[in-house]
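According to my numbering, the sequence shown is numbered sequentially starting from 152. The beta carbon of each residue, even a glycine, is placed where N, CA and C say it ideally should be. Below is one structure; the comments refer to it alone.
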Amino acid sequence: MTVEFKIATLPKAGTHLLLKCLKSMKALPDLPESIYGGITFDSHLRDKYGWHLTARVLDEVTSEKNKHIVMVRDIRDAILSIHNWLPYLYKKVQEEERLEPFQEAFDGNIDSQILGLIEESPEIDGNFLVKRYRLAQELYKNKESYPQILFVKYEDLIGPKGGGSESKQIQTIHKIAHFLEIELEKSKVQKIAKEIWGNTETYNVSQNKGMVSEWQRRYTFEHIQAVQHHWNEYLLTFEYEKTEDWHKQYPNIQVGA
């Protein structure tokens with residue numbers, strides 16, 4: 152019997168990927184299908200198993216003894232995914248009247264919209280989703296105080312089809328199963344790893360299919376500068392980068408005059 156747990160993921164940080172993994176472990180019941188195809192969560196399941204990390208949920212995560220799985224992602228890729236998802240979000244929640252203002256923001260300049268998300272500009276739709284990454288950053292700094300929380304990186308679970316590592320994916324599935332006190336045979340873990348890629352709600356509408364390090368192909372000089380100014384602490388906290396001048400590791404990105 153699986154121990155009681157909840158998820159507290161970040162927006163566009165692989166929530167549906169994690170759900171698919173948990174379902175394959177039989178830690179979750181059958182999941183309904185989204186209007187876009189693939190698995191999703193309905194309100195009944197969210198009430199029982201949780202959803203995205205918010206300020207309110209953060210209080211619950213840190214005060215309860217129940218186990219929580221917190222899913223995080225490289226903010227650089229997450230921002231691209233948030234930008235891509237917003238039109239579908241408005242359609243999904245039947246707020247299509249917000250589509251036109253979003254699409255016309257900054258005269259339709261996508262680079263400016265992405266820059267606004269990086270800078271957490273209040274004028275940019277999606278800003279409220281980006282700000283939740285700050286909550287995870289502060290929570291992770293005190294992780295030693297919360298043994299009931301398991302942090303999982305999107306990049307560690309995605310596997311080779313998404314640009315990740317097969318060995319890291321296998322290790323992460325084992326880690327999740329151990330955290331939930333689920334015994335899995337080696338063959339079952341390998342089967343889960345092979346099957347969790349694709350066919351989720353967000354995968355079906357994504358332009359880049361959740362590939363790791365898509366930001367390296369999409370970000371401009373100005374985007375990189377903004378990330379260094381606003382998000383270096385996040386990148387270093389979660390060890391997405393090891394030095395503050397991380398941009399020098401990427402020969403195709405030249406920052407500074």
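Between residue 155 and residue 217, the CB-CB gap stays under 8 Å. A residue is called buried once 16 or more other Cβ atoms fall within 10 Å of its Cβ, and residue 188, having fewer, is exposed. Taking C-alpha positions only, residue 226 is separated from residue 208 by approximately 20 Å. Straight across, the Cα-Cα distance linking residue 228 with residue 310 is about 16 Å. Restricting attention to 326, 353, 166, 327, the CA atom closest to the CA of residue 186 is found in 353.
Judged by beta-carbon spacing, residue 305 lies within the 8 Å limit of residue 222, meaning their Cβ atoms are closer than that value. In this structure, the straight-line span from the alpha carbon of residue 175 to that of residue 205 is close to 26 Å. Taken through DSSP and simplified to helix, strand or coil, residue 184 comes out as strand. The beta carbon of residue 378 sits closer than 7 Å to those of 227, 269, all from its chain and outside the five residues before and after it, given in chain order. Between residue 344 and residue 321, the C-beta gap is smaller than 8 Å, which places the two residues in contact.
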